Each structure stands twice: as C-alpha cells, then as structure tokens.
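In the numbering used here, the protein residues as written are 1181 to 1579. Data first, discussion second: the structure below is written as structure tokens.
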Ligand code: AMP
C-alpha cells in the first residue's frame, strides 16, 4: 500500500509517502508558513535532490494539493496519480482517555479529537485541520488517526492520578496522559524483537531523548508509567522545557518578576527553561556539548541535571515494575550521543546496569550492554512515521 503520513502543525505540514510493501519512503517534505506570508515548500523524492519553492498557501488544503502535484508530475514525481495513494495516516497529539489505539477517522472520531482540544490546545486543532484538508484535497480517501497519548492509556489509575482535588479529574479529566507514545511503543517492541524475546516477559524502560524528552516503563508490552503528564511539560528537563518543579515556584517568580499573566509564566517554562534556561547557551544538545567541552560550567551543569534526572527515572521505574530487563535509548540525543547514555546509567551498576564504552561509541540499532550487566542496554532508532504508516495499513486493510 502507498500511505501518506501527515504531521500537521498550526502553520506547517510535514509529510512522508510510504510504500508499505518494503517499508520504503518514496518522498518526504514540508510545507511552511501556511496561511501567512512567505509560504515555502520542500519536497525530497527518494534518492533525488530536494526541490524547494516559495509557494503561497492560504490553507492546509492548498499545501496538500501542491504536495500531490509535486508527487505526481514532472521531475519531482514519485507516483503516477493521486489514486495510487491508498490511505492517509495522521499524527494526532492528544487522544485524552478516549483513544487507546489508532482509529479510522469517522465523524465521531473528529468530534472526539475536537473534545480533546482543551487538553492539547496547540496541536489538536492543527491535527484536525490536517485531516479536514486531506478530505478537501483527496476526497473520501480512508484516513487514520494515530495518537501520541494512546500507548500510555494502559497506565494504572495510581500512576496517572495527580494528588489534587478529585473533582478536577472528574470535571476536566486532569490526569497524566503521557506523550511520544508511538515512539515508546515502537522501540519497546523492537527491543524485544532484537533480543529474540517475547515482550510479555520483559520489563523495559524506554528513554526518548530529543528536543522533547520522555521516559516510559513498559511491563510485558504495556506502558505502566511515563514521565510526561497532562501536557509535555512534565518530567525530565528538556531542550527548553523545565520538566518537574515545585509548583509554588510559579507564584514566587511571578511576584518577584512582576509577571501578571500566567500564560507568560508558562511560556517561560515551555520555551525558556530546561537546558537553555540553565545553560544560557542553547537548547540544542550539540551546542551544549561544544560549550561544556570549551569549559562552560553552566552547560556542564545543565547536562548533569539532564542525565541525573534520566538516572532517577530509570531507577524509579525499575522500582515501579519490580525489576528491569532492558533500557532503551532513542531519538535525536538518545540515538546519537554516547556520553549522555553513559552518564545516564552511571551509578546504576548496583541494579545490574552496565554500558560498554567501545560498543556505546557506535551508531544504529546496537546492543551497548557492558560485560557482566544483568540488564540489556540498547540503542534503537525510533521511526514514528513508519508506525503511523503501519497502523494505517493495518486498519485500512481490515475495512
Ligand atoms: P529530536 O527531537 O529527536 O529530533 O532530537 C533533537 C536533538 O537531538 C537536538 O538537541 C540535537 O542536538 C540532538 N542531536 C541530533 N543529532 C545529534 C548528534 N549527532 N549528536 C548529538 N546530538 C544530536
């Protein structure tokens, strides 16, 4: 099947066209500045140069129509016509407690995605716009929604409940939901496959470390806890997000800095905190390593806070599961940085977690487990778009 995978943002649209027969990506690209001046499209047919153009798009549907033109005509073509595309899979941020798996988009599903807008106010409207744009540009093609939150729906109530008045849970569904679920699901399954074991027999901690970072405890293939919460702000300190902190800090900073608008405070916690906030250098880990290696103490401190937090989550999730068989590292930082991996498990030797420095310096899907380690430590590149394509194929095949 040929499946178009869409990740729609408020003024952008990322896409990949998959051929699920061999899992290959036929083309991928990005429409930027949709609905605002300066529209731009980048389109890369597999194995060929990237085509770029300034292109005005009034709506996401305009973007989709242009992408289809690029995919079907001229030097940039990868298929003969739009009718070759069998289905569209969408990344949707928040499925609330409504979705524990991927689903075919129906009028009811669109309503449910709408109902989840208060939980994902920045992303869900854009994700829904992407779905409606495909309807407009591609007619009644089957569409599937794949939720970032779905994999975490198996968490027990005591793991997802916040200790605030229960009525807020009842009235507003305030609870832990977790994110990056597609990635945690994919790499935990791949880890079991790589080890030749049944995932039902494994207790796995998956560390998705990128610009946004989260950790999940996966027991027997089911998520039992995860570090992000109602929103992606909770958990590890990230590129620009604070992660966990004492909630009383908000009032303290607002009073002392004369901040009267809570949105401004949350903007500081989302966009100016984390690695950027501590280091004052950058949110990008490559810049942080360079600064640390050049002797910048705050960059060093930021990185230490990051790896210390990862170590604490691995330890606490081992406790939550009553054991640990595998630790997986994935995403931009987890896949590419040996130092972060090594520092994150330093001190966990007492739990049987050891890393091999030489193996740790390689790339790709690798077993970096140290000699005598009881726990396997793996690096597994994530591929969320591939999962979206696979889920879409499975659901559409069954129609
Ligand atoms: P992601 O959000 O998964 O795309 O990850 C983005 C983060 O991964 C950025 O902070 C990058 O600095 C980091 N990253 C990407 N490639 C590398 C690399 N080769 N070495 C270290 N960090 C990297």
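The C-beta atom is built at its ideal place from N, Cα and C for all residues, glycine as well. None of the values given here were measured: they were computed from a predicted structure.
Problem - Best match in 1211, 1225, 1573, 1552 for proximity to residue 1236 [C-alpha to C-alpha] - result: 1211
Handout entry: For residue 1437 and residue 1484, the rounded distance between their alpha carbons
Key = 27 Å
Practice task
Specify whether the stretch 1508-1517 and the stretch 1388-1399 touch according to this definition: at least 3 beta carbon pairs, one from each stretch, less than 8 Å apart.
Solution key: yes
Practice task
Look at the Cβ atom of residue 1524, then the Cβ atom of residue 1478, and state whether they are nearer than 7 Å.
Solution key: no
Exercise for the section: Please name the residue or residues paired with residue 1336 in a DSSP beta bridge. Expected result: Residue 1336 pairs with nothing; no bridge assigned.
Handout entry: Under 7 Å between C-beta atoms of residue 1572 and residue 1183
Key = yes
Exercise for the section: Would you kindly work out how many angstroms separate the C-alpha atoms of residue 1252 and residue 1542, rounded to a whole number? Expected result: 39 Å
Handout entry: Any heavy atom of ligand 1 within less than 5 Å of residue CB: hits in chain order
Key = 1390, 1391, 1464, 1465, 1466, 1511, 1512, 1513, 1516, 1517
Problem - Candidates 1457, 1412, 1286, of which the one nearest residue 1579 by Cα - result: 1286
Handout entry: Inter-stretch contact (C-beta, 8 Å, three-pair minimum) for the stretch 1493-1504 and the stretch 1354-1361
Key = no
Exercise for the section: Give the DSSP bridge partners of residue 1187, in chain order. Expected result: 1194
Problem - Buried versus exposed, by CB contacts within 10 Å (16 or more), residue 1570 - result: Buried: at least 16 other Cβ atoms inside 10 Å.
Practice task
Name the residue from 1403, 1341, 1561, 1395 whose alpha carbon lies nearest to the alpha carbon of residue 1423.
Solution key: Ranking the options by Cα distance to residue 1423, first place goes to 1395.
Problem - Per DSSP, cross-strand counterpart(s) of residue 1199 - result: According to DSSP, which records beta bridges pairwise, residue 1199 is partnered with 1182, 1204.
Practice task
List the endpoints of the continuous beta strand (DSSP E) containing residue 1259.
Solution key: Note, residue 1259: premise wrong, no beta strand (DSSP E); not H, not E.
Exercise for the section: Specify, as a first and last residue, the run of the alpha helix (DSSP H) that residue 1242 falls within. Expected result: 1240-1252 is the span of the alpha helix (DSSP H), which, as asked, contains residue 1242.
Exercise for the section: Measure the beta-carbon distance from residue 1472 to residue 1450 and round it to whole angstroms, keeping in mind my assumption that it falls under 8 Å. Expected result: Between residue 1450 and residue 1472 the Cβ distance is about 24 Å, and since that is not below 8 Å, they are no contact.
Practice task
Put residue 1296 into one of helix, strand or coil per three-state DSSP.
Solution key: If DSSP states are grouped into helix, strand and coil, residue 1296 belongs with coil.
Practice task
Spell out a yes or no on whether the stretch 1238-1253 and the stretch 1188-1195 are touching, meaning 3 or more CB-CB pairs, one atom from each, closer than 8 Å.
Solution key: yes
Practice task
Measure from the alpha carbon of residue 1368 to the alpha carbon of each residue in 1538, 1250, 1463, 1557, then state which is nearest.
Solution key: 1557
Handout entry: Same chain, Cβ closer than 7 Å to residue 1383, five either side skipped, listed in chain order
Key = 1399, 1501, 1503, 1504, 1505
Practice task
On the DSSP bridge assignment, give the partners of residue 1542 in chain order.
Solution key: Residue 1542 is not bridged to any residue.
Handout entry: Member of 1189, 1223, 1293, 1362 whose CA lies at the smallest distance from the CA of residue 1567
Key = Ranking 1189, 1223, 1293, 1362 by Cα distance to residue 1567 puts 1362 first.
Practice task
Write down the C-beta distance between residue 1433 and residue 1445 rounded to the nearest angstrom, noting that I regard them as a contact closer than 8 Å.
Solution key: 7 Å
Handout entry: Three-state secondary structure (DSSP) of residue 1444
Key = Taken through DSSP and simplified to helix, strand or coil, residue 1444 comes out as helix.
Practice task
Starting from the N-terminal side, write out each stretch of the beta strand (DSSP E) that is 3 residues or longer and does not extend beyond the stretch 1344-1371.
Solution key: none
Practice task
Name the one or two DSSP bridge partners that residue 1225 has.
Solution key: 1207, per the DSSP bridge assignment.
Exercise for the section: Express the C-alpha separation of residue 1448 and residue 1431 in angstroms, rounding to a whole number. Expected result: One alpha carbon belongs to residue 1431, the other to residue 1448, and they sit about 13 Å apart.
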